[in-house]
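Residue numbers (mature numbering (1 follows the signal peptide of the UniProt record, and there is no 0)): -26 to -1, 1 to 729.
Ideal Cβ placement from N, Cα and C applies to all residues, glycine included.
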């Protein structure tokens, strides 16, 4: 008995412990969920918030959200849970939702236009099992409705085709459709719909169709035709090919007269020969007139009106804002299909600039008439030049700590910059500081694809240059703006022991591969340079090298070969070290000269000739940063004054230059993780463009957008990226240009607290 009692006493705690740790999963039986918004529009770019409430007594350790339709992509997902995405299903794990609490993940996405008129529901499932066993469906407001009727994708049915009223010069083609649609007959003498030349069109939406065709219809001719109808949803249905033949011209029908049976009589029928059909083609183009007159500039595009006429009909009217390169349909046309019509439209224009408006009319024979151009000048803003990028081939030229860009004299440099306010011309001016030399002017041109302005500058002399722009728009507004400072350094010199120029020979640069550590001749062509490079008539050479590890060799007749020590560059740098070549004895073996110094000389030092660059930025240091209120891509408002009380870094960037996009990735990681007090500001780019850039790059930060470039002058924005360290009192403490890594950004922010 004692043994049994001892056994029970020993095993009972163990059994109770095992029971306590034998957790039963999948016991959730209560939760609620809501989604906001529930009513959306096609093509909306918006954010859904799905709130999940744990109304049970156990933790929720897993949940899954399914969007209402397979074509509704979850988009950008914001949540502190780990998530995995499969199509339109998102599973969340790695966290826990205790009883009485909620979580609210956000989906930022675009509503496909294909969902117009669609209604459905979101699905939210939860489980206390981390693996999602036996999920429970949460109830609540989960409906999803897209405005508009479901899209009509069915073409009209062509029924009961008939041809009547056929004469020598016309025929009437009739048919019916199962829904209201337009009427169109296409025809020609060739039996191939692709070759049909003629057509008759009526844009009225009807179910009973009748078109009388007369254009180029000749007697005794067979015509092939098809009929087409287009409904209000732009779905078109066409019949198969049919044919009819017009009556022959001048045909006489014989009559019989009774005669005696013993008499044989012959009745003769005489007919006029059928002439060869002649197709009279319409070659007269419509006449188009713009009646609206515009004097001077305007701040926004207004209504433009005019008229069009044709000898047969006016089938379509559209307009162009770029002197006839691209065309858009006009908004209002009266009596389209008649011989004379009037039209009106408001051009789809938002940006400042000079626009040549043309209107085009086309008749049913395909003849095109185009109006004379109407000059429209939109002048909402003065021309404003924004941030810029100097580059040498693919290599950006970034400013030093003083905001000064170092380059070599005589080297062609590309400049790219943004501008708003519709400038028609931008000239870049290089003013030589303290030298008394004449200013150098370089004209820039605008890319029609990107809207960016480009040009090439060449500074022929050493020295310091202040760059500025002179911009003019079509309304006569002119603005001048400082861009920054550039220092052109002298080239490298090669001399002999007597300081005599070595003019015959070449310099070769070798670079080390980072992976294999092998050496090879540096490929300079990508950077618009030559390697090896011949010494010029003054014994000079010049290179601008990207970051890397290098050495060089100099070869010249009657001199020993010079090999430099290995040197490393951490940034793009002009190579302009001076070198002295040694005349030397040697052996001439079979025409090959071997200098003794080639075998025994020391490697030459590389000593770059530095320059003292005076400050190119810093005018705002110590001054209060101007407050501003600008929108963000998430439809918020950003005010700089709200950041007072702590250090803050305001970073100006753009979406088109490699240094800026590199900086954006670094800033986004810092800001989105709430580890950094900073703001990303994109200047002189539209909100929609920046939003698309953010979505493509999957960035999580809310970008500030200065579409009109309001801060360009106030903050003296030049080379981008450009960072402004603002202390807790709102005072600019430091300005830094160029790409900063995470540690450098954190260090800069900490300096703002040392006030």
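Does the structure place the region 377 to 396 close enough to the region 422 to 429 that three or more beta carbon pairs sit under 8 Å? yes
If you scan the region 72 to 128 from start to end, which runs of the beta strand (DSSP E) of 3 or more residues do you find wholly inside it? The beta strand (DSSP E) runs lying completely inside the region 72 to 128 and spanning 3 residues or more are 80 to 84, 93 to 95, 97 to 101, 117 to 120, given in chain order.
Under the assumption that residue 750 contacts residue 526 (Cβ atoms under 8 Å), give the Cβ distance between them as a whole number of angstroms. Here the chain covers residues -26 to 729 and nothing more, so residue 750 does not appear.
Inspect the beta-carbon positions of residue 333 and residue 262 and report whether they are closer than 8 Å. In terms of Cβ geometry, residue 333 and residue 262 form a close pair [threshold 8 Å].
Does residue 654 come out as helix, strand or coil in the three-state DSSP assignment? strand
How would you write the range of the alpha helix (DSSP H) that residue 167 sits in, first residue to last? Secondary structure note for residue 167: it is in no alpha helix (DSSP H), with a DSSP letter that is neither H nor E.
When you compare only the Cα positions, how much space is there between residue 83 and residue 439? 48 Å
To the nearest angstrom, how far is it from the Cα of residue 791 to the Cα of residue 92? What the structure shows of the chain is the stretch from -26 to 729, and residue 791 is not part of that stretch, so it cannot be assessed.
Could you please give the first and the last residue of the uninterrupted alpha helix (DSSP H) stretch that includes residue 668? 661 to 671
Residue closest to residue 423, alpha-carbon to alpha-carbon, out of 371, 299, 8, 90: 299
Would you identify the three-state DSSP class for residue 638, choosing helix, strand or coil? helix
For the region 611 to 618 against the region 706 to 724, do three or more pairs of beta-carbon atoms, one drawn from each stretch, fall closer than 8 Å, so that the two count as touching? No contact exists between the region 611 to 618 and the region 706 to 724.
Please list the terminal residues of the continuous alpha helix (DSSP H) segment that includes residue 753. Residue 753 cannot be examined here, being either before or after the span of the chain that is shown, -26 to 729.
To the nearest angstrom, how far is it from the Cα of residue 18 to the Cα of residue 121? Distance between the alpha carbons of residue 18 and residue 121 is about 11 Å.
For a quick check, are the C-beta atoms of residue 197 and residue 213 less than 8 Å apart? no
Can you look up residue 153 in the DSSP assignment and give me helix, strand or coil? In the displayed model, residue 153 falls within a strand according to three-state DSSP.
Contacts around residue 565, its chain only, beta-carbon distance under 8 Å, and the 5 residues preceding and following it disregarded: Residue placement at residue 565 is flagged as unreliable, the pLDDT there being 43, under the threshold of 50; the coordinate-derived value follows with that caveat. No residues qualify anywhere along the chain.
Among 417, 412, 411, which one has its Cα closest to the Cα of residue 398? 417
Determine the DSSP secondary structure at residue 473, reduced to helix, strand or coil. coil
Could you give the C-beta distance for residue 509 and residue 515, rounded to a whole number, given that I count them as a contact under 8 Å? 6 Å
Rounded to the nearest angstrom, what separates residue 473 and residue 554 at their Cα positions? 8 Å
Taking Cβ positions, are residue 685 and residue 623 nearer each other than 8 Å? no
Relative to the C-alpha of residue 537, which candidate in 545, 546, 543, 551 has its C-alpha closest? 551
Whole angstroms is fine: what's the gap from residue 413's alpha carbon to residue 645's? 43 Å
Classify residue 265 as helix, strand or coil using the three-state DSSP reduction. coil
Between which two residues does the beta strand (DSSP E) containing residue 440 stretch? 437 to 447
Compute the Euclidean distance between the alpha carbons of residue 682 and residue 637, then round it to the nearest angstrom. 22 Å
Do you know whose CA, among 662, 666, 695, lies nearest residue 655's CA? 695
Cβ pair residue 36, residue 98 closer than 8 Å: no
What does the Cβ neighbour count give for residue 195, buried or exposed, with the cut at 16 atoms within 10 Å? That one is buried.
So what does DSSP say about residue 501, is it helix, strand or coil? helix
Apply the 10 Å Cβ neighbour rule to residue 491 and answer buried if 16 or more other Cβ atoms are within range, or exposed otherwise. Under the 10 Å beta carbon count, residue 491 is surrounded by fewer than 16 other beta carbons and is classified as exposed.
If you reduce the DSSP assignment to three classes, tell me which class residue 615 lands in. helix
Helix, strand or coil: which one does DSSP assign to residue 144? coil
Please classify residue 158 as buried or exposed, where buried requires at least 16 neighbouring CB atoms within 10 angstroms. buried
Proximity to residue 317 [Cα-Cα], best of 535, 292, 366, 296: 292
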